[in-house]
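Below is one structure, written out as structure tokens, with a few remarks after it.
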Amino acid sequence: MTNDSTILDERRAQVFRSGSGDIDIACNRQSLAGAVSQRACVFCGSRVVLYPIADALHLVHGPVGCAAYTWDIRGALSSGPELHRLSFTTDLREKDIIFGGEPKLEAALLELIERNKPKAAFVYSTCIVGLIGDDMEAVCRRVEEKTGIPVLPVQSEGFKGSKREGYLAACKAMFRLVGTADISDVPELSVNIFGDFNIAGETWIIKDYLERMGLTVVASVTGDGRVDDIRRIHGASLNMVQCSGATLDLAKMIEEKFGKPHCRVSWLGIEDMAESLYKVAEHFAHLDPGIMERTADLVRSELGKIMPGLARYRADLEGKKAAVYVGGAFKAFSLIKSFRHLGMEVAVVGSQTGTKEDYAELAEVTDPGTIIVDDANPLELQEFIKEKDVDVFVGGVKERPIAFKLGVGFCDHNHERKIPLEGFEGMLNFAREVHASAMSPVWNFVPRREARHRDVGKECGHDE
Amino acid sequence: MTNNPAAKNAVSTTNACKLCTPLGASLAFKGVEGAVPFLHGSQGCATYMRRYIISHFREPIDIASSALGEKQAVYGGGPNLKKGILNVMKKYSPSLVGVASTCLTETIGDDMGLILHEFREEFSDLDLPEVVHVSTPSYQGTHSDGFHRAVHALTDQLADPEAEKNERIALFPGMVSPAEIRLLKDIFREYGLTPTVLPDISDTLDGPALEDYEPVASGGTPVADIKALPGAAASVEFGSCLPRESGGTCLEKRFGVLNTRLPIPLGVRACDDFYDALAELSGSCIPRRYEQERGRLVDAYVDGHKYVFGKRAVVYGEENLVVALTAFLAEIGVQPVLVGTGAEGKRLAEAVESACGDLLREQPLVREGVDFHDIAEEAEALTPELVLGNSKGQRYARAWNAPLIRAGFPIHDRFGGQRLKGIGYEGTQELFDRIVNALIDKKQSDSPIGWGYI
Numbered sequence: 376m377t378n379d380s381t382i383l384d385e386r387r388a389q390v391f392r393s394g395s396g397d398i399d400i401a402c403n404r405q406s407l408a409g410a411v412s413q414r415a416c417v418f419c420g421s422r423v424v425l426y427p428i429a430d431a432l433h434l435v436h437g438p439v440g441c442a443a444y445t446w447d448i449r450g451a452l453s454s455g456p457e458l459h460r461l462s463f464t465t466d467l468r469e470k471d472i473i474f475g476g477e478p479k480l481e482a483a484l485l486e487l488i489e490r491n492k493p494k495a496a497f498v499y500s501t502c503i504v505g506l507i508g509d510d511m512e513a514v515c516r517r518v519e520e521k522t523g524i525p526v527l528p529v530q531s532e533g534f535k536g537s538k539r540e541g542y543l544a545a546c547k548a549m550f551r552l553v554g555t556a557d558i559s560d561v562p563e564l565s566v567n568i569f570g571d572f573n574i575a576g577e578t579w580i581i582k583d584y585l586e587r588m589g590l591t592v593v594a595s596v597t598g599d600g601r602v603d604d605i606r607r608i609h610g611a612s613l614n615m616v617q618c619s620g621a622t623l624d625l626a627k628m629i630e631e632k633f634g635k636p637h638c639r640v641s642w643l644g645i646e647d648m649a650e651s652l653y654k655v656a657e658h659f660a661h662l663d664p665g666i667m668e669r670t671a672d673l674v675r676s677e678l679g680k681i682m683p684g685l686a687r688y689r690a691d692l693e694g695k696k697a698a699v700y701v702g703g704a705f706k707a708f709s710l711i712k713s714f715r716h717l718g719m720e721v722a723v724v725g726s727q728t729g730t731k732e733d734y735a736e737l738a739e740v741t742d743p744g745t746i747i748v749d750d751a752n753p754l755e756l757q758e759f760i761k762e763k764d765v766d767v768f769v770g771g772v773k774e775r776p777i778a779f780k781l782g783v784g785f786c787d788h789n790h791e792r793k794i795p796l797e798g799f800e801g802m803l804n805f806a807r808e809v810h811a812s813a814m815s816p817v818w819n820f821v822p823r824r825e826a827r828h829r830d831v832g833k834e835c836g837h838d839e
Numbered sequence: 212m213t214n215n216p217a218a219k220n221a222v223s224t225t226n227a228c229k230l231c232t233p234l235g236a237s238l239a240f241k242g243v244e245g246a247v248p249f250l251h252g253s254q255g256c257a258t259y260m261r262r263y264i265i266s267h268f269r270e271p272i273d274i275a276s277s278a279l280g281e282k283q284a285v286y287g288g289g290p291n292l293k294k295g296i297l298n299v300m301k302k303y304s305p306s307l308v309g310v311a312s313t314c315l316t317e318t319i320g321d322d323m324g325l326i327l328h329e330f331r332e333e334f335s336d337l338d339l340p341e342v343v344h345v346s347t348p349s350y351q352g353t354h355s356d357g358f359h360r361a362v363h364a365l366t367d368q369l370a371d372p373e374a375e376k377n378e379r380i381a382l383f384p385g386m387v388s389p390a391e392i393r394l395l396k397d398i399f400r401e402y403g404l405t406p407t408v409l410p411d412i413s414d415t416l417d418g419p420a421l422e423d424y425e426p427v428a429s430g431g432t433p434v435a436d437i438k439a440l441p442g443a444a445a446s447v448e449f450g451s452c453l454p455r456e457s458g459g460t461c462l463e464k465r466f467g468v469l470n471t472r473l474p475i476p477l478g479v480r481a482c483d484d485f486y487d488a489l490a491e492l493s494g495s496c497i498p499r500r501y502e503q504e505r506g507r508l509v510d511a512y513v514d515g516h517k518y519v520f521g522k523r524a525v526v527y528g529e530e531n532l533v534v535a536l537t538a539f540l541a542e543i544g545v546q547p548v549l550v551g552t553g554a555e556g557k558r559l560a561e562a563v564e565s566a567c568g569d570l571l572r573e574q575p576l577v578r579e580g581v582d583f584h585d586i587a588e589e590a591e592a593l594t595p596e597l598v599l600g601n602s603k604g605q606r607y608a609r610a611w612n613a614p615l616i617r618a619g620f621p622i623h624d625r626f627g628g629q630r631l632k633g634i635g636y637e638g639t640q641e642l643f644d645r646i647v648n649a650l651i652d653k654k655q656s657d658s659p660i661g662w663g664y665i
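As they're listed, the protein sequences go chains A and B. Each residue of the first sequence is one higher than the one before, starting from 376 at the first, in the numbering used here. Each residue of the second sequence is one higher than the one before, starting from 212 at the first, in the numbering used here.
The structure is reproduced here in structure tokens:
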């Protein structure tokens with residue numbers, strides 16, 4: 376059983392066990408002081424969403440840290456310009472805090488736009504800017520007039536909520552671009568990819584599937600993103616939204632203003648991948664009767680390529696247990712299904728920013744006894760890992776050392792990863808990643824595992 | 212040229228060559244036994260820094276946060292700070308909580324000293340940990356400043372004026388690696404000296420695989436040892452650009468503990484100074500082991516000198532480290548052409564000139580307050596053939612087609628950054644080997660012949 380002292384009283388409502396009655400998990404709360412949350416801030420949310428727009432200037436208006444810690448850390452690839460891989464900041468100093476940062480912001484913007492010739496500039500506000508009250512709107516407007524490119528303020532003061540509020544701020548900033556370019560050449564059989572960040576080229580895999588189905592992709596928001604594409608988003612007939620709401624707000628804004636519908640998709644795992652493609656095909660079936668068949672062919676041929684490989688990995692992984700802790704709960708659903716395909720059970724699942732609906736669904740799809748947790752922290756996670764004695768942990772960089780210290784395998788499923796995990800081929804990569812960690816002989820030497828082997832030995836009467 | 216430590220002329224910053232102050236303070240607090248670093252500010256700061264530090268050390272890095280929201284930013288963060296410490300106490304049972312401020316709490320004017328005073332009064336019935344606080348607004352200085360400020364705060368706030376005289380030597384090593392601290396402790400031991408190393412990250416940031424998870428990693432400077440520092444026989448601190456207020460000067464000013472400031476012992480001359488200082492402190496001569504190490508190092512300098520002579524190097528990063536690296540390059544015959552740091556007001560040019568002595572035929576350009584954009588702008592014309600610094604210059608070294616010798620923090624694109632050594636004769640030997648081999652490797656891969664025998 377979990378050592379209950381690990382969970383602070385005020386966090387008890389944020390932990391739930393499947394099968395223990397109706398789920399009423401507390402979430403969407405401000406992180407508890409001193410709890411060492413794995414969450415970041417509003418700024419992080421905005422930065423994550425807009426990061427892969429590769430031909431825009433991303434200027435962090437604030438002190439040096441916010442820019443330094445987000446410099447080229449994500450695996451979002453670009454097929455062309457790579458401005459997103461640079462880190463720009465106004466690097467505010469004491470005198471700017473006292474006298475205001477507007478002059479420095481304006482000068483920095485003019486200088487960087489002149490030097491880097493971006494298609495647009497996003498200006499992120501940080502905690503400090505929210506406090507000193509710089510009028511970013513006014514500065515951006517002035518610079519926009521002087522340079523002729525869109526200069527978009529992102530209201531992402533770190534302390535004004537969690538990552539979710541950052542998503543909304545990013546969507547609001549992007550929405551200013553939407554509808555500002557000609558869409559007369561956009562065909563009716565067209566879509567936008569929302570909420571995919573082209574980590575390790577994943578957007579390209581999905582784009583290839585969609586094109587083989589006969590669809591035109593107008594824009595990817597924001598993987599391998601381009602400013603001019605975002606201007607034309609409203610031309611596409613359907614917005615396919617992935618991820619836990621990072622770009623959902625934008626899809627809703629477009630639906631409201633331009634009447635273009637959206638659907639939720641997931642490009643992770645076999646079922647969700649296929650289901651998403653079929654869902655999109657169905658949407659266009661009345662315009663293009665052949666699309667269902669082309670989609671079925673595509674799914675069949677892609678599955679054919681990966682099934683033998685998957686079966687080999689499954690043979691080794693069958694019966695092993697996994698823990699999942701991710702930023703958005705949406706990814707967790709696909710991961711649970713993916714693990715089932717590998718013959719594995721997810722015994723712990725949690726997210727930084729899940730909603731009540733997300734957790735209710737998780738309670739439904741998980742086996743009884745599964746631990747479901749909102750906004751966890753290292754001590755809780757290590758306790759859950761031990762209690763469930765999992766073999767593999769799926770998470771991001773901050774979770775990796777927790778797993779490794781406990782002698783548990785790890786699969787990086789965050790934006791730092793360099794291996795595509797989306798699409799059918801991504802499922803095979805995922806299986807390979809999990810396999811490479813779970814099957815490594817190094818665990819034989821990890822003290823906690825050694826102890827387990829010792830215990831097994833005792834039971835078998837091998838102990839002296 | 213060195214008299215012209217030109218600051219950058221751009222207003223904007225592109226790819227900063229520095230990190231923020233609270234990160235440095237967190238690193239320093241991680242080196243105290245049973246300590247939990249605590250950032251008084253928004254949740255994001257702690258999380259970002261944790262991720263950044265984890266990627267270097269590959270260890271769990273728990274940094275608590277007062278997780279201020281909009282309401283607290285308006286009405287003050289005091290209640291959250293107190294509650295946060297109580298929660299940390301419940302979960303981690305720390306012996307020390309190291310509280311560092313952030314730009315948010317500095318700007319809203321939270322008086323941490325006062326809040327913590329209230330905290331101690333309010334909860335005097337509890338078994339409270341030591342709470343040390345340091346002011347680290349990120350708009351003031353760099354991570355290096357934050358680190359040294361935290362070390363000063365630990366010394367100043369914990370030192371017990373009644374501490375009994377003892378034989379220990381206080382050692383303030385600065386931002387060196389866990390492996391280097393282990394090495395330093397060995398060296399002291401060989402001289403028969405017992406150091407109190409502050410901070411001591413040798414185990415806390417490079418720990419072994421264990422049977423069970425430790426909420427706070429074992430190791431670090433015991434709080435009792437920090438309290439006893441005023442009784443130390445002497446103190447030694449490393450760095451050529453240290454702030455006026457440091458751990459060592461605090462002990463000297465307040466308690467009369469004689470402080471010796473030495474350059475980071477990297478390279479034969481800086482090592483000689485260090486080992487001489489130890490000989491003097493211990494009253495014994497250099498152990499034969501180190502005499503041999505020194506001899507082998509000089510022998511290697513001779514064996515390898517032609518591979519490195521005249522190579523044009525760019526050095527960047529934390530100010531104390533770049534001075535040490537530049538001085539070392541000068542003694543092996545590499546020509547440093549550009550030395551840069553993101554820090555300002557460090558008198559870097561003077562430090563470099565004095566550390567290189569008359570070994571250099573030409574002084575390098577020395578730049579403070581620069582970012583990587585500025586460094587690249589000047590470096591390109593200087594055609595560098597060798598680059599020394601942390602991982603963040605990787606894209607530039609790659610563009611110049613020059614090998615990057617990784618040193619300092621952070622090492623995000625190589626394995627084992629926490630175990631890199633550059634100090635002592637032993638560490639210098641490792642660094643020298645790495646440099647020679649990087650140049651040989653480049654020669655090999657650039658050549659159509661391949662050179663299997665060099």
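For every residue, glycine included, the Cβ atom is placed at its ideal position computed from N, Cα and C. Only a predicted model underlies this, so the values are computations on that prediction, with no experimental measurement involved.
Pairwise C-alpha distance: residue j and residue i
| i | j | result |
| --- | --- | --- |
| phenylalanine 240/B | valine 362/B | 8 Å |
| alanine 778/A | alanine 410/A | 19 Å |
| valine 345/B | valine 308/B | 11 Å |
| isoleucine 840/A | glutamate 481/A | An answer regarding residue 840/A cannot be provided, because it is not within the stretch 376 to 839 covered by chain A. |
| valine 479/B | arginine 505/B | 7 Å |
| leucine 404/B | alanine 364/B | 25 Å |
| aspartate 510/A | glycine 770/A | 38 Å |
CB contact check: residue i to chain A, cutoff 9 Å
| i | result |
| --- | --- |
| aspartate 273/B | yes |
| cysteine 640/B | Note that residue 640/B is glutamine in the sequence shown here, rather than cysteine. No, because no Cβ of chain A sits closer than 9 Å to the Cβ of glutamine 640/B. |
| methionine 260/B | yes |
| aspartate 484/B | no |
| serine 277/B | yes |
Proximity test, Cβ basis, 9 Å: residue i and chain B
| i | result |
| --- | --- |
| lysine 696/A | no |
| phenylalanine 779/A | yes |
| arginine 387/A | no |
| isoleucine 472/A | yes |
| arginine 449/A | no |
| phenylalanine 820/A | yes |
| aspartate 466/A | yes |
| valine 526/A | no |
Contact test: residue i Cβ vs the ligand GTP heavy atom, cutoff 8 Å
| i | result |
| --- | --- |
| proline 406/B | In the structure on display, the ligand GTP does not appear, and there are no ligands present to speak of. |
Reduced DSSP secondary structure (H/G/I, E/B, other) of residue i
| i | result |
| --- | --- |
| serine 656/B | helix |
| histidine 790/A | coil |
| valine 809/A | helix |
| alanine 562/B | helix |
Cutoff 8 Å; reference residue i; Cβ partners in own chain excluding five residues on either side
| i | result |
| --- | --- |
| threonine 407/B | Arg379, Ile380, Ala381, Leu382, Thr432, Asp436, Ile437, Ala439, Leu440 and Ala443 |
| glutamate 800/A | Ile580, Glu677, Lys680 and Ile681 |
Close beta carbons around residue i, own chain, < 6 Å, minus the five adjacent residues each side
| i | result |
| --- | --- |
| lysine 582/A | Val592 |
| serine 446/B | Ala381, Gly459, Leu462, Val468 and Asn470 |
| valine 809/A | Val767 and Cys786 |
| phenylalanine 330/B | Lys293 |
| arginine 689/A | Leu717 and Gly718 |
Interface positions of the region 629-663 of chain B facing chain A (Cβ-Cβ less than 9 Å), listed along the chain
So nothing in the stretch comes that close.
Can you give me, in chain order, the residues of the region 404-425 of chain A that have a beta carbon less than 8 Å from any beta carbon in chain B?
Gln405, Ser406, Leu407, Ala408, Gly409, Ala410, Val411, Ser412, Gln413, Arg414, Ala415, Cys416, Val417, Phe418 and Cys419
Along the region 562-579 of chain B, where does the CB come closer than 7 Å to a CB of chain A? Name the residues.
none
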